[in-house]
Amino acid sequence: QGELLRAGECYNDALRIYRETGTRRGEGVALGQVGELHQMLGERDQARACYDEALRIHREVGNRRFEGSVLMNLGDLLLHEGRIGESLDALDAGERVLREVDDPLAVAKLLCVKGRARLAGGDAGGARALLAEAEGIGTRVGANAASELGKLIAGLRDALARLRNVVGQAAQ
């Protein structure tokens, strides 16, 4: 947690500098990073406030790629809060943006989060389809098992396997 706190100091320093210099694009990016940090620390209200402000800024300055990333992070946050419908809404919006800006790696990461949301909502078939699409993108972009995408794919694959085992045990 010490590393996260040090990172938080750096992100907050960057945020302060961007605000002092009126660099709105940088401010939006830094807010998204501060939001991710709050989310990692379990500080969901602070994370949500950062994501909401970052989203407003990215839309204001036309930073579509980071708008899509913030929507993905917001969807993940809502998923952790058990707000599946809202999570899927944010993830759908993020997916549209990331496909529009042609960022396949970010799309694949989002698909993994969306797969977890579908699974949490009881849609294992939808989760499997999203996993297959993310794996296909991962292959095309050369992601390996140690990459962030590789780990997200493995996590979704493991969650689906656990569900299969639970269903199999219940059927016996």
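Numbering (my numbering), first residue to last: 1 to 172.
Each residue gets a CB set at the ideal place from its N, CA and C atoms; glycine is no exception.
N-terminal and C-terminal residue of the alpha helix (DSSP H) that residue 123 is part of: Residue 123 -> no alpha helix (DSSP H), and no H or E assigned at all.
Local Cβ density within 10 Å of residue 36, reported as buried at 16 or more and exposed below that: So residue 36 ends up on the buried side.
Reduced DSSP category for residue 73 - H, G, I as helix; E, B as strand; rest coil: Reduced to three states, the DSSP call for residue 73 is helix.
Simplified DSSP state of residue 23, which is helix, strand or coil: Coil at residue 23, not helix or strand.
Member of 163, 166, 137 and 164 whose CA lies at the smallest distance from the CA of residue 152: Across the set 163, 166, 137 and 164, the C-alpha of 137 shows the shortest separation from the C-alpha of residue 152.
Closest by C-alpha distance to residue 46, when choosing among 163, 63, 74 and 60: Of the candidates 163, 63, 74 and 60, the one whose C-alpha sits nearest the C-alpha of residue 46 is 74.
Neighbour-count burial assignment, residue 50, 16 or more Cβ in a 10 Å radius: Flag for residue 50 reads buried.
Whether residue 84 touches residue 126 by CB criterion (9 Å): Pairing residue 84 with residue 126 gives a Cβ-Cβ distance that is not under 9 Å.
Contacting residues, own chain, Cβ-Cβ under 7 Å from residue 7 (five flanking each side not counted): Within the same chain, 37 come within 7 Å of residue 7 by CB-CB distance, once the 5 residues on both sides are set aside.
For residue 68 and residue 193, believed in contact at Cβ under 8 Å, the rounded distance: Nothing in the structure corresponds to residue 193, since the chain is present only between 1 and 172.
Whether residue 113 touches residue 149 by CB criterion (9 Å): Contact: no.
Helix, strand or coil at residue 83 [DSSP, three-state]: DSSP, reduced to helix, strand and coil, places residue 83 outside both helices and strands of the structure shown, so it counts as coil.
CA nearest to the CA of residue 124, picked from 156, 141, 104 and 107: It is 156 whose Cα lies nearest to the Cα of residue 124.
Classification of residue 135 by the beta-carbon crowding that lies within 10 angstroms, buried from 16 upward: Under this definition residue 135 is a buried residue.
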